[in-house]
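Residue numbers (my numbering): 7 to 129.
Ideal placement from N, C-alpha and C gives every residue a C-beta, glycine not left out.
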Amino acid sequence: MLQQIIDDFTYLRDTAWSVSQGLGAFAGSGGFVGATADAFQEVVSGRLKTFVFNIARAFSLAGEAVAEYRNALVQAQQVANDVFAKTNGVVAGDAKLAGLKSQVQGQVDQVGAAARNMEAVLR
Numbered sequence: 007m008l009q010q011i012i013d014d015f016t017y018l019r020d021t022a023w024s025v026s027q028g029l030g031a032f033a034g035s036g037g038f039v040g041a042t043a044d045a046f047q048e049v050v051s052g053r054l055k056t057f058v059f060n061i062a063r064a065f066s067l068a069g070e071a072v073a074e075y076r077n078a079l080v081q082a083q084q085v086a087n088d089v090f091a092k093t094n095g096v097v098a099g100d101a102k103l104a105g106l107k108s109q110v111q112g113q114v115d116q117v118g119a120a121a122r123n124m125e126a127v128l129r
């Protein structure tokens with residue numbers, strides 16, 4: 007599910023980059039002359055191209071943030087599975103239990119940080 011979101015953001019980013027390049031090529035193509043060409047060049051090369059660039063950058067940042075979150079989840083799952091395997095024979099009060107809990111808490115913290123970063127980027 008998260009990989010599909012990452013792929014979608016990547017596709018949208020790439021599409022926006024293509025639009026930006028197309029705008030640049032079209033603006034420089036010489037299809038208009040005189041004052042019309044100057045006005046068109048100013049709008050396309052200035053505001054519109056900047057707008058499309060910002061869209062591409064936003065999708066790029068969003069994709070990176072979701073990928074970071076996904077990677078944190080995968081890592082946490084691997085650590086949780088490893089910790090679970092090490093709990094065989096561990097009883098309450100065992101000194102080993104505190105270390106295992108600490109490993110899990112470290113992963114919870116990393117996932118939380120990645121989630122907060124993703125939320126901030128997606129706002």
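Are residue i and residue j touching if we call contact CB-CB under 9 Å?
i           : j           : result
residue 16  : residue 65  : yes
residue 29  : residue 54  : yes
residue 133 : residue 89  : The requested residue 133 is not part of the displayed model; the chain covers only 7 to 129.
residue 123 : residue 45  : no
residue 82  : residue 127 : no
residue 107 : residue 92  : no
residue 47  : residue 33  : yes
residue 62  : residue 19  : yes
Taking residue i as part of the alpha helix (DSSP H), name the residues at either end of that continuous run.
i           : result
residue 87  : 55 to 92
residue 122 : 101 to 128
residue 40  : 40 to 48
residue 25  : 8 to 33
Taking the C-alpha atoms as reference points, what is the distance between residue i and residue j?
i           : j           : result
residue 12  : residue 50  : 29 Å
residue 113 : residue 23  : 36 Å
residue 60  : residue 26  : 10 Å
residue 14  : residue 120 : 19 Å
residue 84  : residue 100 : 23 Å
residue 96  : residue 118 : 27 Å
residue 73  : residue 104 : 31 Å
residue 10  : residue 111 : 28 Å
residue 6   : residue 52  : No answer is possible for residue 6: the residues shown for the chain start at 7 and end at 129.
Three-pair Cβ contact test at 8 Å for the stretch 70 to 90 versus the stretch 34 to 48: no
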